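**Student:** Going down the list, the sequences are from chains F and L.
1 is the number of the first residue of the first sequence in this note's numbering; add one for each residue after it.
1001 is the number of the first residue of the second sequence in this note's numbering; add one for each residue after it.
Glycine residues also receive a C-beta, built at the ideal position from the N, C-alpha and C atoms.
Fair warning: this is a prediction, and the values are worked out from it, not measured in the lab.
Have a look at this one before I ask anything.
Number of protein chains: 2
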Amino acid sequence: MKNLLLSIGLISGYLLAAPVQADMLVEKQTFTTENFATVSGEVIPVVNVGWESYGQLNEAKDNVILITHYFSGNSHAAGKYTADDAMPGYWNSIIGPGKAIDTDKYFVISSDTLVNAFPNDPNVITTGPISINPATGEPYGLDFPVVTIRDFVNVQRELLSSLGINKLHAVAGASMGSLQAIEWAAAYPDQVERMISVIGAGAMDAWTIMALEHWARPIKADPNWNQGDYYEGVAPLEGITSTLAMITQEAMHPVIMNMQAPQQQTLPADGLASVTNNLPAVDYLFGAAASRAPLADANHLLYLVRANQLFVAGHQEDLASGLQRIKAKTLFLPASNDLLLQPYLAKQTVELLEAQGKDPIYEEIDGIWGHLDGIFSIQTKAETIKAFLAH
Amino acid sequence: MKNLLLSIGLISGYLLAAPVQADMLVEKQTFTTENFATVSGEVIPVVNVGWESYGQLNEAKDNVILITHYFSGNSHAAGKYTADDAMPGYWNSIIGPGKAIDTDKYFVISSDTLVNAFPNDPNVITTGPISINPATGEPYGLDFPVVTIRDFVNVQRELLSSLGINKLHAVAGASMGSLQAIEWAAAYPDQVERMISVIGAGAMDAWTIMALEHWARPIKADPNWNQGDYYEGVAPLEGITSTLAMITQEAMHPVIMNMQAPQQQTLPADGLASVTNNLPAVDYLFGAAASRAPLADANHLLYLVRANQLFVAGHQEDLASGLQRIKAKTLFLPASNDLLLQPYLAKQTVELLEAQGKDPIYEEIDGIWGHLDGIFSIQTKAETIKAFLAH
């Protein structure tokens, strides 16, 4: 259970304890912007998001690397909040002094997205359906506008602008973070010099749109969801638990899951007595998910699913047209054993870029984690990333 | 939609229309046995299952090949019920006169399992929670005993015995059918000469036990399920629809799914307006599942999930001990692109058999269907199967 909790913790924004030496201490800060106009044509009166940074902004403000987070993550990409934190940020193995993303050289900044999955996590600052709608004094619920990956990017752009930053040396992200990274490059080509897509895609295909819908169904099916209006009642924790368990399962390859989960005895008496009794492997997965569920918000999960389902880089008529806009150097790092965003997705994008005469770099991450190799095995690509950033 | 309906139809027991010439006409028959003792130690007063056969039983009754069906399939493995049926049985490409499983030589027989997923399909005859409990005159519901893959095998064994058949030239099955096939070889080693496991496994691992649980959760979460007591009320069709959609998605590789499903327009207005509006790819998948849902039974799906979750060939203390019992020649045909029962499962079983000095044959099926290559691409292994049966 402990390892799986760590895994679920990980895909919820924390990381396995790594050998600790001189971990950076970091502080969560809040960025606020007003009258934020969404892609869907609405205006959010007040947007708050959390952010962190590692390293120093130089005088020219041209040493900036933006890190964009994955579906169930947050801005805690590196370092620790206090020296005795059990775990540092999720990409601590590649972000820090002398590391692949070298904080002695670069000012590395990372922000929480809109509609973050875990708004009840004390380390997350986000704005979404759970936030108070100033017009009513109540949580927005489903009155919150649908947001897109471009909206996440636009909030980050305002954050950077507030710091006087107009250009990114690089933007890098894993999974949903990779969607934001490539969206940055396609939406604001003159502001992005390098783009690193880890376990990512240039657009959602039908299979992945459907796969994401399975994450939404358990929430919508939970009577406590109540069409999104549950903030004065009971949260739909059963639905959230199913959703989180599904995400964990799809993010982990069988090899690592079978190494961690309890092995089943032949014909366990409980399992043979009734279909309503759970098996040990099931308790292991769903127990860990249930323990994280109260930190999540059901509507936020639905909004995140939708933001991902709608994704096509650049918002042009098709992916090729969106990619046509990109001027950045690009690096794609899918994971060979990924069962969720399989390498074919990154390959398709790379082939389109190549057909446009561009020169994307493509390397696969090896590992036994599956999708989570983009987090747990990222250090195997440290040299590739370092060289790409220096080039 | 049409192709996906065919696919869902397929994994529910039918098959794509193949070039038709001299399709065998077949007839569903019913086998009844009384006081059937289950592995779980209970007794089912009356068991009815449907069965079909192709070819002629010889006088020595030693030319028998048993076909065991997959999770959402039934006994309709080959031929047609009437000449104008749209589709023949699911393995019609390899079962018939002169085909890999040659009905000019072999008497091929196939039966519906206990707790078949689609008891409301007029072509399915099965016994399970939806059946009338003679003790009460009402459907069993959750009073029906939990059954195992061994129980499926034991019903088939009684059916064969009623025909005077004591030995199988071979047993062959895909997916859940492969579990039955290997269970036959491990449970009754003196009765099975050859075993063909297609897209199969020797035992369930923790990852697959969890994956199966995701199929059960939507049903248990549907208020209409009512702890299994819904036969006088409204069936939990929402839950069943989620389950069937998940099965279809996992059985199909992204390549084939993306070829069939509607492509998404950039920023579709409906999807951008509300998270409660479905996207076209989602309507495609869930619409097809909803159209099949009334033929399924929720409790039967839960019992099938449990039968699969409990599976370990031979019911010994571990898989190796179970496999130790096998005397049959064995052939394993996993599908290279299978995302549900991936080739590592068949490989593990093959390696255990080899370590015991046995000589299993292992070949992978290539194709773009994923798990369903075990059905749709099985004809690519026709020569392998033919040679294996002749050996």
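1. Hey, does Q309(F) have any beta-carbon neighbour from chain L nearer than 7 Å?
2. At a cut of 8 Å, does the stretch 55-69 of chain F reach the stretch 162-180 of chain F through at least three beta carbon pairs?
3. Output yes or no for whether 7 Å exceeds the beta carbon distance between A1086(L) and S1110(L).
4. Pull the bridge partners of L1025(L) from the DSSP assignment, please.
5. Run the CB neighbour count on M1259(L), radius 10 Å, all protein chains shown included, and call it buried at 16 or more, exposed below.
6. Residues of chain L with CB closer than 7 Å to the CB of V282(F), please, in chain order.
7. Can you tell me whether L279(F) is helix, strand or coil according to DSSP?
8. Under DSSP, the beta strand (DSSP E) around R1194(L) begins and ends at which residues?
9. Leaving out the 5 sequence neighbours to the left and right, which residues in its chain are closer than 6 Å to G1177(L) when beta-carbon positions are compared?
10. Kindly give me the distance between the Cβ atoms of I1199(L) and A1335(L), rounded to whole angstroms, as I take these residues to be in contact under 8 Å.
11. Using the rule of at least 16 other Cβ atoms within 10 Å of the residue's Cβ for burial, across every protein chain shown, is S1075(L) buried or exposed?
12. Quick one: measure Cβ to Cβ for D297(F) and P134(F), integer angstroms, because I've assumed they're closer than 8 Å.
13. Closest to F1118(L) by CA distance: which of D1084(L), D1359(L) and P1294(L) is it?
14. By Cβ distance below 8 Å, which residues in the same chain neighbour F1311(L) in space, the five residues on each side in sequence not counted?
15. Is there at least one Cβ from chain L nearer than 7 Å to Y188(F)'s Cβ?
16. For the pair the stretch 1099-1114 of chain L and the stretch 1152-1168 of chain L, tell me if three or more CB-CB distances fall below 8 Å.
17. With DSSP as the reference, please indicate the residues paired to S53(F) in a beta bridge.
18. Could you spell out where the beta strand (DSSP E) holding G1173(L) opens and where it closes?
19. Within 10 angstroms of its Cβ, does G233(F) collect 16 or more other Cβ (buried), or is it exposed?
20. In the stretch 197-208 of chain F, which residues sit with their C-beta less than 9 Å from some C-beta in chain L, listed in chain order?
21. At the level of alpha carbons, what is the spacing between G1367(L) and Y140(F)?
22. Please report the distance separating the alpha-carbon of P395(F) from that of Y284(F).
23. Could you give the C-beta distance for Q1249(L) and H214(F), rounded to a whole number, given that I count them as a contact under 8 Å?
24. Measure the C-alpha to C-alpha separation of S1274(L) and V146(F) and round it to an integer number of angstroms.
25. Please classify P236(F): is it buried, with 16 or more other beta-carbons within 10 angstroms of its beta-carbon, or exposed?
26. For A60(F) and N166(F), I'd like the C-alpha separation in whole angstroms.
27. Please confirm whether V108(F) and Y188(F) have their CB atoms less than 7 Å apart.
28. Considering only C-alpha positions, which residue in the set A1206(L), A1186(L), A1216(L) and F1286(L) is nearest to A206(F)?
29. According to DSSP, is S1012(L) helix, strand or coil?
30. Could you tell me whether any Cβ in chain F is nearer than 7 Å to the Cβ of H1315(L)?
31. Spell out whether any CB of chain F is found under 7 Å from the CB atom of R1217(L).
32. Starting from the Cα of G1164(L), find the closest Cα among N1058(L), S1242(L) and T1276(L) and give me that residue.
33. If you drop the 5 nearest sequence neighbours on each side, which residues of the same chain put their C-beta closer than 7 Å to that of A1281(L)?
34. For I1361(L), list the residues DSSP reports as bridge partners.
35. So, is D359(F) buried or exposed, given that buried needs 16 or more other C-beta atoms within 10 angstroms?
36. Going along the chain, which residues of the stretch 63-94 of chain F sit with their C-beta nearer than 7 Å to a C-beta in chain A?
**Tutor:** According to the structure shown:
1. Closer than 7 Å: yes.
2. Touching, yes.
3. The criterion of a C-beta distance shorter than 7 Å is not satisfied by A1086(L) and S1110(L).
4. When beta bridges are read from the DSSP output, L1025(L) appears opposite K1080(L).
5. Under this definition M1259(L) is an exposed residue.
6. Neighbours of V282(F) on chain L, chain order: I1209, M1210 and E1213.
7. In the structure shown, L279(F) sits in coil (DSSP, three-state: anything other than H, G, I, E or B).
8. That run of the beta strand (DSSP E) goes R1194 to V1198.
9. Cβ within range, chain order: T1068, H1069 and Y1070.
10. The distance from the Cβ of I1199(L) to that of A1335(L) is about 5 Å, consistent with a contact at the 8 Å cut-off.
11. Per the 10 Å Cβ criterion, buried.
12. The C-beta distance from D297(F) to P134(F) rounds to 19 Å, too long to meet the 8 Å contact threshold.
13. Of D1084(L), D1359(L) and P1294(L), the residue nearest in Cα terms is P1294(L).
14. T1148, I1149, L1179, E1183, A1201, A1203 and M1204.
15. No - not a single Cβ of chain L is within 7 Å of the one on Y188(F).
16. The stretch 1099-1114 of chain L vs the stretch 1152-1168 of chain L: in contact.
17. The bridge partners DSSP lists for S53(F) are I109(F).
18. Unbroken beta strand (DSSP E) run through G1173(L): A1170 to A1174.
19. Exposed, by the Cβ-count rule.
20. Against chain L - using a Cβ distance shorter than 9 Å - the residues of the stretch 197-208 of chain F are A203, M204, D205, A206, W207 and T208.
21. Taking the straight line joining both Cα atoms gives about 47 Å.
22. Residue 395(F) falls outside the range modelled here, since chain F spans only 1 to 391, and no answer is possible.
23. With a beta-carbon spacing of about 7 Å, Q1249(L) and H214(F) fall inside the 8 Å limit used to define contacts.
24. Answer to the nearest angstrom: the Cα atoms are 6 Å apart.
25. Classification of P236(F): buried, given that the 10 Å Cβ count is 16 or more.
26. Rounded to whole angstroms, A60(F) to N166(F) spans 10 Å at the Cα level.
27. When the beta-carbon positions are compared, V108(F) and Y188(F) stay at least 7 Å from each other.
28. For A206(F), the closest of A1206(L), A1186(L), A1216(L) and F1286(L) by C-alpha to C-alpha distance is F1286(L).
29. At S1012(L), the pLDDT of 45 sits below 50, so the modelled position is not reliable and the matter cannot be decided from this model.
30. Yes, H1315(L) counts as interfacial toward chain F.
31. Output row for R1217(L): interface = yes.
32. Comparing Cα positions, the closest option is N1058(L).
33. Excluding residues within five positions, the ones whose Cβ falls inside 7 Å are A1261, P1262 and Q1264.
34. According to DSSP, which records beta bridges pairwise, I1361(L) is partnered with L1331(L).
35. In summary, D359(F) is exposed, with fewer than 16 beta-carbon neighbours lying within 10 Å of its beta-carbon over all protein chains present.
36. No chain A appears in the structure shown, which is made up of the protein chains F and L.
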